[in-house]
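Below is one structure, written out as structure tokens, with a few remarks after it.
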Amino acid sequence: MTDLSRIRNFAIVAHIDHGKSTLADRLIERCGALDPREMTSQVLDSMDIERERGITIKAQTVRLVYEAQNGETYVLNLVDTPGHVDFSYEVSRSMRACEGAILLVDATQGVEAQTLANAYQAIDADLEILPVLNKIDLPAAEPERVKQQIEDIIGLDASEALMISAKTGQGVDELLEAIVHRLPPPEGEAEAPLQALVVDSWYDPYVGVVTLVRVKHGVLRRGQKIRFMGTGATYTVDRVGVFTPKPREVSDLGPGEIGFLTAGIKEIAHARVGDTVTDDRRPASSPLPGFKPSHPVVFCGIFPVDSKDYDQLRESLAKLRLNDASFEYEPETSTALGLGFRCGFLGLLHLEIVQERLEREFGLDLVVTAPSVVYRVHLTDGAVKELHNPADYPDPTRIVRIEEPYIRATILVPEQYLGGVLELCEQRRGEQVELTWVGNRAMLVYLLPLNEVVYDFYDRLKSVSRGYASFDYQLEGYRESDLVKLRILVNGEPVESLSMIVHRSMAEQRGRAMCEKLKELIPRQLFEVRIQAAIGSRIIASERIRALRKDVTAKCYGGDVTRKRKLLERQKEGKKRMRQVGKVEIPQEAFLAALKVG
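Quick note: the sequence shown uses my numbering, first residue 474, plus one each step.
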């Protein structure tokens, strides 16, 4: 057990590509946690997808031992967090395990959207914030301008901001001293009943569920009988350990320490993120406050290509859900695609990552449907039906009215981008509730149909505001709307997984965009392919993919022209027949691209 005054728990937070993972590498290197031959760049980004895309998806922790200049030895628990807005839930969870945060700002780019959002998250979590300017070795660095931005936009005192270069290691020693002297130590009592917060958990095929915990009070030991307060499940602890960044077993974890435990937990649901671990024989009187639940923004159906893989998909989703608490799923049946799941995500990048992880880590072949929300359909017989999937849309003659969910959206945006954001909200059938000013930033409150937000609202909002707008919402209830089912036909055959429910005023625009996208993505066939968008029996948009033409007259030298014409006529008849019986395979990319139609 480590003396509380010698522990520092801190997270590194910043906008995308401002150098969080590179700084984590330098700190690991300076504290000698790995041999030089074991060091790689972005050592904490352990997933293949993270390395390929150059982004952090999962927050990672590492325990470092640092000998300060005053001769004292300190234990530093560092949390490297993601920067992308889709993974902000990971950041908020990580902050709850810390007392301090390093706010990393690129000295060339200045304060950006997620810098702001993460700084406010850190202030809400009551953390001590240490502003740090990175990339000062670059010729384009403007530290004085960026310091002024931190003070004006975020409202933090940047006069003592540290100047570093995570790439070259310049200023990293001063940063380590600042972490030790300027960030507060944790508080807690070793004699009190055990209270440990479950910060993260993931599934390991060899030892079952691995749970990452931050001990608040009490001591967690090997062989102890523990209870998860939220689920009531009890287990005996097999192993207690820390990441250095390699897993290393320890005898116990005391107050203020971050580490992992394994206890032969096989049930995914028993180790929920945000739950409290306590001693079964001497339990704590109350659990620790958990995490605010995340709000999924994009909903879509995920189906296995082969229906035999349904059970495997269910188990895979359960394992991923444990590892990523910010996505939700529930079983769904589709007439076109069979059994699958309806899943909710924080954004399109989040959806892409989850789909890629399902395919790579669990070897699944998947079909993903276009995004949508849950509608309420009032039928002529008085029944009210909840519509999750456009494929289940009832016969229009039986519908009295359709209601769609509305949200109350709060958008914070700098004044120079206000016009573009107002225009975007009006295009999306928004209804302005209020407009107020907070310093040089406008706070907009709009009532918006959730359907319009799901589509590509996030991406468009980031475009029109250059990434500075922050967006939050809560559900407001249902309202009646003029909605229709838009079907996509390929050679007269409906493709159910691409059908969607849209407002009548947007139907033609959406249909045309979808047809144009599919025209680019469907490979050319030996016969002509027609792509059409239809409402009922009325075609509202159409595109044509020209047939690949084989030169049948190549071997026909000279002679009467009728010889060539006969061969061409025969080819024409063959193509006509092919078109009647030919099936067009739609590639998987087309389904994902359908989500991104701008």
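Glycine residues also receive a C-beta, built at the ideal position from the N, C-alpha and C atoms.
{"Item": "According to DSSP, is residue 822 part of a helix, a strand, or is it coil?", "Value": "helix"}
{"Item": "Count the other C-beta atoms from every protein chain shown that fall within 10 angstroms of the C-beta of residue 654, then say buried if there are 16 or more, exposed otherwise.", "Value": "exposed"}
{"Item": "Alpha carbon to alpha carbon, how far is residue 572 from residue 637?", "Value": "22 Å"}
{"Item": "Within 10 angstroms of the Cβ of residue 1029, are there 16 or more other Cβ atoms? Answer buried if so, exposed if not.", "Value": "exposed"}
{"Item": "Could you tell me if residue 736 is buried or exposed, where buried requires 16 or more neighbouring beta carbons within 10 angstroms of its beta carbon?", "Value": "buried"}
{"Item": "How about residue 811 and residue 776: do their beta carbons lie closer than 8 Å?", "Value": "yes"}
{"Item": "Going by other Cβ atoms of all chains shown within 10 Å of its Cβ, with 16 needed for buried, is residue 553 buried or exposed?", "Value": "buried"}
{"Item": "Whose C-alpha, out of 569, 478, 579 and 652, is nearest the C-alpha of residue 490?", "Value": "579"}
{"Item": "Helix or strand or just coil, what does DSSP make of residue 977?", "Value": "helix"}
{"Item": "Look at residue 953 and residue 876 and say whether their C-beta atoms are less than 8 Å apart.", "Value": "yes"}
{"Item": "Since residue 733 and residue 535 are thought to touch, with beta carbons under 8 Å apart, how far apart are those beta carbons, to the nearest angstrom?", "Value": "The pair is not a contact, with the Cβ atoms about 12 Å apart (cut-off 8 Å)."}
{"Item": "Taking the alpha carbon of residue 718 as the point to measure from, which residue in 498, 847, 1011 and 707 has its own alpha carbon closest?", "Value": "498"}
{"Item": "Apart from the five residues on each side of it in sequence, which residues of its chain come closer than 6 Å, Cβ to Cβ, to residue 852?", "Value": "871"}
{"Item": "Is the CB-CB distance between residue 575 and residue 611 below 8 Å?", "Value": "no"}
{"Item": "Run through the stretch 772-797 for me and flag every whole beta strand (DSSP E) of 3 or more residues, listed as ranges in chain order.", "Value": "none"}
{"Item": "Could you tell me if residue 476 is buried or exposed, where buried requires 16 or more neighbouring beta carbons within 10 angstroms of its beta carbon?", "Value": "exposed"}
{"Item": "Could you check what DSSP says for residue 816 in three-state terms: helix, strand or coil?", "Value": "strand"}
{"Item": "For my contact list, residue 444 and residue 869 are in at a C-beta cut-off of 8 Å; report their separation, rounded to the angstrom.", "Value": "There is simply no residue 444 to check, as the chain begins at 474 and stops at 1071 in what is shown."}
{"Item": "Who are the Cβ neighbours of residue 594 in its own chain at under 7 Å, not counting the five residues just before and after it?", "Value": "564, 565 and 568"}
{"Item": "Per the DSSP calculation, residue 594 is bridged to which residue(s)?", "Value": "Partner(s): none; residue 594 has no beta bridge."}
{"Item": "State the CB to CB distance for the pair residue 942 and residue 890, rounded to an integer number of angstroms; the pair is presumed to be in contact (CB under 8 Å).", "Value": "7 Å"}
{"Item": "Around the C-beta of residue 1045, are 16 or more other C-beta atoms found within 10 angstroms, so that it is buried, or is it exposed?", "Value": "exposed"}
{"Item": "At the level of alpha carbons, what is the spacing between residue 482 and residue 729?", "Value": "8 Å"}
{"Item": "Near residue 1015, what residues of its chain come up, given a Cβ to Cβ distance below 8 Å and the 5 sequence neighbours on each side ignored?", "Value": "988, 1003, 1004, 1005 and 1006"}
{"Item": "Using a Cβ-Cβ cutoff of less than 8 Å, which residues in the same chain neighbour residue 783 once the five nearest sequence positions on both sides are dropped?", "Value": "777, 811, 812 and 813"}
{"Item": "Can you check which of these residues, 676, 679 and 746, is closest to residue 701 by C-alpha distance?", "Value": "746"}
{"Item": "Should residue 720 be labelled buried (16 or more other beta-carbon atoms within 10 Å of its own) or exposed?", "Value": "exposed"}
{"Item": "Report yes or no: do three or more beta-carbon pairs, one from the stretch 637-653 and one from the stretch 695-710, lie closer than 8 Å?", "Value": "no"}
{"Item": "What's the gap between the Cα of residue 597 and the Cα of residue 727?", "Value": "26 Å"}
{"Item": "How big is the Cα-Cα spacing for residue 1070 and residue 541?", "Value": "With a pLDDT of only 44 at residue 1070, under the threshold of 50, the placement of this residue in the model should not be trusted, and no figure is reported."}
{"Item": "Residue 987 by DSSP, collapsed to three states: which one?", "Value": "helix"}
{"Item": "Please report how far the alpha carbon of residue 713 lies from the alpha carbon of residue 722, in whole angstroms.", "Value": "6 Å"}
{"Item": "Kindly indicate which three-state DSSP category residue 498 falls into: helix, strand or coil?", "Value": "helix"}
{"Item": "With burial defined as no fewer than 16 other Cβ atoms inside 10 Å of the residue's Cβ, what is the status of residue 657: buried or exposed?", "Value": "exposed"}
{"Item": "What's the call for residue 799, buried or exposed, on a 16-neighbour Cβ count within 10 Å?", "Value": "buried"}
{"Item": "Quick one: Cα of residue 854 to Cα of residue 589, how far?", "Value": "52 Å"}
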